[in-house]
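Trainee: This structure is in structure tokens; I'll ask about it shortly.
2 protein chains.
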Amino acid sequence: MELETYLKKTAEEVNSLLQDSYGDPKTALSRAANHLLFAGGKRLRPALFKLAADAVKPGSSKIIMPAGLSLEVTHNFTLIHDDIMDKDEFRRGQKTVHTLWGEPAAILAGDVLYARAFSLICTADAPEEPKVKAIALLARTCEEICEGQQQDMSFEERGVVSRDEYLEMVTKKTGVLYGAAAAIGALLAGGSDAQVEGLYNYGCRIGAAFQIQDDLIDLLASSAKSGKDQASDIREGKQTLIAITAREQGIDLKPWRRPLNHEEIALLITMLTDKGVIDTVQKDAESMITSAIHDLSVLSDTMEKHLLAELAWYFIRRDY
Amino acid sequence: MELETYLKKTAEEVNSLLQDSYGDPKTALSRAANHLLFAGGKRLRPALFKLAADAVKPGSSKIIMPAGLSLEVTHNFTLIHDDIMDKDEFRRGQKTVHTLWGEPAAILAGDVLYARAFSLICTADAPEEPKVKAIALLARTCEEICEGQQQDMSFEERGVVSRDEYLEMVTKKTGVLYGAAAAIGALLAGGSDAQVEGLYNYGCRIGAAFQIQDDLIDLLASSAKSGKDQASDIREGKQTLIAITAREQGIDLKPWRRPLNHEEIALLITMLTDKGVIDTVQKDAESMITSAIHDLSVLSDTMEKHLLAELAWYFIRRDY
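This is the structure we're talking about:
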């Protein structure tokens, strides 16, 4: 099966399962908690959960798939809280939860999803021992995501952030939940310790690379294509891997921390390309993907293993 | 053992276990998450957990006590988020987390404690099956606490709240976490289904009665004694069981929704006492305690059972 077809089918399955579980909200709070969850999204984390489960035990995802929703629900809880912190008004083309219901209800809506994420694993049709391991991993993951978000916010107040600090931040903020998605799928399907660990590392790496690709898209993709302000990270002086690599190569980006027109952005991209900054960052992301694919050597040769390798490249080959 | 001695000893044990687990925070976020947790508190939920565990299996609490911290950590997560929603500046005599670290870090600090609450149950030295049940109960409890808080906030915008709605709100906002504390203690200690259910109901009832007693204290205790503004609920037109009972008896409390001096408060108390409102509310709380003690009939006769009965009365006999 083509990766694109697989992702599309899985997203439909996830949407239908979400509808079964939460489609009939009884309270105002449930409606607020559902808002973002039902506003679309690529459902990449449940897809990863499913691929990992079926890669370690063919056909196993069918009965444990409700637990795969847990990762999507966790992701949405973090988005609702992040949007409050960042005062973002729109997400997935819709008004954010706090914009519609106010901050107190949005804090609670995130907290409700947080609880549901754990409930979903508890109700999975799997043995108790891996379930407890999965729950422990999800809890550790949630704590790490919070640390990653806190680091990201603290970087805004700091002049200099090192490459290692940046990589730790993106791994925690974005990587570990992909790691948990793959590892929990493998755990509940009865995978070996080596498979669970390999898939965890794979997920963390592709998640971190995804974030680096996001930074590249911010600079390289036109606003028309990405729907976001081009080069906003550089205009705001954000500490991305591009900014860190530029500084390491002696390039001062401070003069670019101001409104930039199309010509100036083009000039900036040319300069960063000529100095090798773009290439270095792209190579960093590619080398993470290569390592991630190497992590898959714990799996036997199945369609799912191939799709996981494709998915890894997809994470950094998207251009918006 | 006297209840007071028992609670004091348990609080010391809880403080020491919390110190072992989180006493050496490595990040700014961990320090924010620890702030309220290490600012004291009566540790009533872990005490209830311990009593329940030892009541169903003598001596069992020793090895599962770390899981008892989960309830205290959950309580503190809800307080941190509630303080943001209510814009409260002080708690336990200290500045609140959002006042010290800002709202974004306070949202994250609560989220970190939320994750730790689940981690703590996972690491308990107990069989996997009751652990999963305990985690499922904690998750359901967290969702209900959110609903209770949302109901409480929504009541402020409504003219009339019924007795049943009020009782549902206090049961969710305050009762269910006491219910979960007792039930999870019994579950992890290997209690029977009947014992777990009985202790859950016991906890829900004493928790709801605790909240009703809080409403009585707000009206009856002098500011000097309680450290809070006397009669603030009535001045703010809050929907408490006192206000609901008064309305049921044809008393209009609207004229009292204004600044009140000592004499006026005394007059109000006399009027509500003469009309039987105070007595009715006190009897409601007492009847919840009587039912809660009846729930304890699933336990054999131990020191812990007696302490649980004493604890129930303690919840509504405190006068500040």
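So the sequences go chain by chain: A and B. Take the first sequence: its letters are residues 1 to 320, numbered as in this note's numbering. Take the second sequence: its letters are residues 321 to 640, numbered as in this note's numbering. Yeah, the Cβ is synthetic: ideal placement off N, Cα and C, and Gly gets one too. Small disclaimer: the values here were computed from a predicted structure and weren't measured.
1. Strictly below 9 Å CB to CB, what residues from chain A border B:Asp344?
2. From the DSSP secondary-structure annotation, give me the bridge partner or partners of A:Tyr95.
3. Taking the beta carbon of A:His294 as the centre, do at least 16 other beta carbons fall within 10 Å, making it buried, or is it exposed?
4. Taking beta-carbon pairs under 7 Å, can you tell me which members of the segment 404-420 of chain B lie near chain A?
5. Please state the DSSP three-state secondary structure of A:Gln230.
6. Does the beta-carbon of A:Lys9, which I'm using as the reference point, lie nearer than 6 Å to any heavy atom of the ligand MN?
7. Under three-state DSSP, which class holds B:Ile571?
8. Can you name the start and end residues of the alpha helix (DSSP H) that A:Gly207 belongs to?
9. Of all the CB atoms in chain B, is at least one closer than 7 Å to the CB of A:Ala183?
10. Comparing alpha-carbon positions, which option in A:Phe118, A:Ala52, A:Trp256 and A:His35 lies nearest A:Phe90?
11. The alpha helix (DSSP H) that contains B:Thr560, what's its start and end?
12. Residues in its own chain within less than 7 Å of A:Ala285 by CB, not counting five upstream and five downstream?
13. By how many angstroms is the C-alpha of B:Ala446 removed from the C-alpha of A:Gly175?
14. Kindly indicate the opening and closing residues of the alpha helix (DSSP H) around B:Leu338.
15. Mind reading off the beta-carbon distance from A:Leu18 to A:Leu44? Whole number of angstroms is fine, and I expect it under 8 Å.
16. Would you list, in chain order, the members of the segment 443-456 of chain B that have their beta-carbon closer than 7 Å to a beta-carbon of chain A?
17. Enumerated in chain order, which unbroken segments of the alpha helix (DSSP H) with a length of 4 residues or greater are wholly contained in the segment 248-316 of chain A?
18. Looking at the C-beta of A:Pro66, does it have a partner C-beta in chain B at a distance below 7 Å?
19. For the alpha helix (DSSP H) containing A:Thr141, name the first residue and the last one.
20. Where does B:Gly479 fall in DSSP's three states?
21. Give the residues from the segment 197-209 of chain A that approach chain B closer than 9 Å (Cβ to any Cβ), ordered along the chain.
22. Three or more C-beta pairs under 8 Å: does that hold for the segment 185-203 of chain A against the segment 51-59 of chain A?
23. What residue range is occupied by the uninterrupted alpha helix (DSSP H) comprising B:Ala509?
24. Check B:Phe397 in the structure and name its three-state DSSP category.
25. By DSSP, does B:Thr443 sit in helix, in strand, or in coil?
26. Take B:Asp553 and list the residues in its own chain whose beta-carbon comes closer than 8 Å to its own, dropping the five residues that flank it on each side.
27. How is the alpha helix (DSSP H) around B:Pro366 delimited, first residue to last?
28. Let me confirm a value: A:Pro46 is counted as buried when at least 16 other C-beta atoms fall within 10 Å, else exposed. Which label applies?
29. So which residues on chain A does B:Tyr434 lean against when the C-beta distance must stay under 8 Å?
30. Using the three-state DSSP reduction, which class does B:Asp484 fall into: helix, strand or coil?
31. Can you tell me which of the three DSSP states A:Ala106 falls into?
32. Where does the unbroken alpha helix (DSSP H) through A:Arg318 begin, and where does it stop?
33. If you reduce the DSSP assignment to three classes, tell me which class A:Ser223 lands in.
34. State buried or exposed for B:Val480, treating a residue as buried only when at least 16 other CB atoms are found within 10 Å of its CB.
35. Assuming A:Ala28 is part of the alpha helix (DSSP H), what are its boundary residues?
36. Just tell me which of B:Arg525, B:Ala444, B:Ala437 and B:Asp403 has its CA closest to the CA of B:Ser381.
Mentor: Reading it off the structure:
1. Taking the first residue of the second sequence as 1, we reach residue 344 of chain B at position 24. Taking a Cβ-Cβ cut-off of 9 Å, B:Asp344 has no neighbours in chain A, whose nearest Cβ is about 16 Å from it.
2. On the first sequence, position 95 is the one that residue 95 of chain A refers to. Checking the sequence, you will find Lys at residue 95 of chain A rather than Tyr. According to DSSP, A:Lys95 bridges with A:Phe90.
3. Here residue 294 of chain A refers to the residue found at position 294 of the first sequence. Exposed is the call here.
4. Legend: CB atoms of the segment 404-420 of chain B lying less than 7 Å from CB atoms of chain A belong to residues Ile404 and Met405.
5. On the first sequence, position 230 is the one that residue 230 of chain A refers to. Three-state DSSP puts A:Gln230 in coil, outside helix and strand.
6. Looking at this structure, you won't find the ligand MN or any other ligand, since it has none at all.
7. Indexing the second sequence from 1 puts residue 571 of chain B at position 251. DSSP places B:Ile571 in coil when its eight states are reduced to three.
8. What you label residue 207 of chain A is simply residue 207 of the first sequence in a count that begins at 1. Per DSSP, A:Gly207 belongs to the alpha helix (DSSP H) from Asp193 to Leu220.
9. Start at 1 with the first residue of the first sequence, and residue 183 of chain A comes out as number 183. So, not an interface residue.
10. The count along the first sequence starts at 1 and reaches residue 90 of chain A at position 90. Of the listed residues, the one whose Cα sits closest to A:Phe90 is A:His35.
11. Residue mapping note: residue 560 of chain B aligns to position 240 of the second sequence, counting from 1. Bounds of any alpha helix (DSSP H) do not take in B:Thr560, whose DSSP letter is neither H nor E.
12. In the first sequence, counting from the first residue as 1, residue 285 of chain A sits at position 285. Answer for A:Ala285: Ala209, Ile212, Gln213 and Ile316, listed in chain order.
13. Residue numbering aside, residue 175 of chain A sits at position 175 when the first sequence is read from its first letter. Residue numbering aside, residue 446 of chain B sits at position 126 when the second sequence is read from its first letter. Each residue's CA atom was taken as its position, placing A:Gly175 and B:Ala446 some 31 Å apart.
14. By one-based count along the second sequence, residue 338 of chain B stands at place 18. Under the DSSP assignment, B:Leu338 falls in the alpha helix (DSSP H) whose first and last residues are Leu323 to Tyr342.
15. For the purposes of this step, residue 18 of chain A is identified with residue 18 of the first sequence, where counting begins at 1. For the purposes of this step, residue 44 of chain A is identified with residue 44 of the first sequence, where counting begins at 1. That pair is no contact at about 15 Å.
16. Cβ contacts with chain A come from Glu448, Glu449, Lys451, Val452, Ile455 and Ala456.
17. For the segment 248-316 of chain A, whole alpha helix (DSSP H) runs of length 4 or above, ordered along the chain, are 262-274 and 277-295.
18. Working through the first sequence from its first residue, we reach residue 66 of chain A at position 66. Output row for A:Pro66: interface = no.
19. For this step, residue 141 of chain A is matched to residue 141 along the first sequence. Secondary structure note for A:Thr141: its alpha helix (DSSP H) is the uninterrupted segment Glu128 to Phe155.
20. If you number the second sequence from 1, residue 479 of chain B lands on position 159. Note: B:Gly479 maps to coil in three-state DSSP.
21. Taking 9 Å as the cut-off between beta carbons, none of the residues of the segment 197-209 of chain A comes near chain B.
22. Touching, yes, given that three or more Cβ pairs across the two stretches are closer than 8 Å.
23. One-based indexing of the second sequence puts residue 509 of chain B at position 189. Element bounds for B:Ala509: n/a, residue is neither H nor E.
24. Position 77 of the second sequence, counting from 1, holds the residue named residue 397 of chain B. In the displayed model, B:Phe397 falls within a helix according to three-state DSSP.
25. Position 123 of the second sequence, counted from the start, is the residue given in the question as residue 443 of chain B. B:Thr443: coil per DSSP, three-state reduction.
26. Residue mapping note: residue 553 of chain B aligns to position 233 of the second sequence, counting from 1. Hits under 8 Å: Asp535, Asp538, Leu539, Thr560, Ile562 and Ala563.
27. The residue given as residue 366 of chain B occupies position 46 in the second sequence. Here the alpha helix (DSSP H) through B:Pro366 covers Leu364 to Val376.
28. Counting from 1 along the first sequence, the entry for residue 46 of chain A is found at position 46. Burial call: buried.
29. Residue mapping note: residue 434 of chain B aligns to position 114 of the second sequence, counting from 1. Those are Asp111, Tyr114 and Cys142, listed as they occur along chain A.
30. The sequence position of residue 484 of chain B within the second sequence is 164, counting from 1. When DSSP states are grouped into helix, strand and coil, B:Asp484 belongs to the helix group.
31. Against the first sequence, residue 106 of chain A aligns to sequence position 106. Looking at A:Ala106 - three-state DSSP - the assignment turns out to be helix.
32. Stepping through the first sequence from its first residue, residue 318 of chain A is reached at position 318. That residue, A:Arg318, is in no alpha helix (DSSP H); it is neither H nor E in DSSP.
33. As a first step, residue 223 of chain A is located in the first sequence; it is residue number 223 there, counting from the start. Looking at A:Ser223 - three-state DSSP - the assignment turns out to be helix.
34. For the purposes of this step, residue 480 of chain B is identified with residue 160 of the second sequence, where counting begins at 1. Result: exposed.
35. Within the first sequence, numbered from 1, the residue matching residue 28 of chain A stands at position 28. Under the DSSP assignment, A:Ala28 falls in the alpha helix (DSSP H) whose first and last residues are Ala28 to Leu37.
36. Taking the second sequence and counting its residues from 1, the one referred to as residue 381 of chain B is at position 61. Cα-wise, what sits closest to B:Ser381 is B:Ala444.
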